[in-house]
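Asks: The structure's right below; bear with me while I get my questions together.
Quick look at the structure:
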């Protein structure tokens, strides 16, 4: 019976993620986020900001930093010292910084399971993704999904043994559209910034 119910749980988890992915793939998304990092259960630090995602492109605006990623090149602006690092993260390196990475990841390489969880007073779906490969950059993800909208509300990502990142999402709107330039750093808007090319 155990294996049978596990199979059903995995199937149900996949169908919920299919619905979530279908919604999130309808153009771009805009949201506010609160990102907290943990070592085990000890909280390391929290960042609040806004995020735009369109396909594999990403823009993050937070008080301490800005990140632009056009699908190939990443610009990271450290606001305290007005310094921009340019890099080209390879496939899997680019994954952990995008909270919506699960939209592309869950279909292969992960075991899925499903349970109910309460998030901010509401009963939600909680899908657990566990990597089949011990070398995968993302070992585990817990995605809390609204039962009414099928939109994600909280995403927890584990890299390595006990390094967790929790991303709480609010004010999520979908179906946006931005030009490619939106996801590239504009030097004219930051004329004082020191640019360091790490490519």
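In this note's numbering, the protein residues as written are 2 to 200.
Where a beta carbon is used, it is the ideal one built from N, C-alpha and C, also for glycine.
All values reported here derive from a predicted model rather than from experimental measurement.
1) Nearest to residue 152 by CA position, among 13, 11, 12 and 32, is which residue?
2) Pull the bridge partners of residue 102 from the DSSP assignment, please.
3) Evaluate contact between the stretch 98–106 and the stretch 124–142, counting only Cβ atoms and requiring at least three cross-stretch pairs below 8 angstroms.
4) Please report the distance separating the alpha-carbon of residue 5 from that of residue 42.
5) Secondary structure at residue 10, three-state DSSP: helix, strand or coil?
6) Report buried or exposed for residue 128, applying the criterion of at least 16 other Cβ atoms within 10 angstroms of its Cβ.
7) For residue 117, which three-state DSSP category applies?
8) Looking at residue 184 and residue 60, is the spacing between their C-beta atoms short of 8 angstroms?
9) Run through the DSSP bridge pairs and tell me what residue 51 is partnered with.
10) Determine the direct distance from the alpha carbon of residue 163 to that of residue 34, and round the result to whole angstroms.
11) Alpha carbon to alpha carbon, how far is residue 62 from residue 177?
12) Between which two residues does the beta strand (DSSP E) carrying residue 139 extend?
13) So what's residue 126 in DSSP terms, helix, strand or just coil?
14) Residue 213 and residue 112 look like a contact to me (Cβ under 8 angstroms); what is the Cβ gap, rounded to whole Å?
15) State the start and end residues of the unbroken beta strand (DSSP E) segment that holds residue 77.
16) Below 7 angstroms CB to CB, which residues in the same chain sit around residue 66 once its five sequence neighbours on both sides are set aside?
Replies: Walking through what the data contain:
1) 32
2) According to DSSP, residue 102 bridges with nothing at all.
3) yes
4) For residue 5, the predicted model reports a pLDDT of 43, less than 50, meaning its position is unreliable; a value from the coordinates is still stated below. If I take the Cα positions, the gap works out to 33 angstroms.
5) helix
6) buried
7) strand
8) yes
9) 33 and 62
10) 22 angstroms
11) 17 angstroms
12) No beta strand (DSSP E) contains residue 139, which DSSP labels as neither H nor E.
13) strand
14) The first residue shown for the chain is 2 and the last is 200, placing residue 213 beyond what the model contains.
15) 75–79
16) 77, 78, 79 and 80
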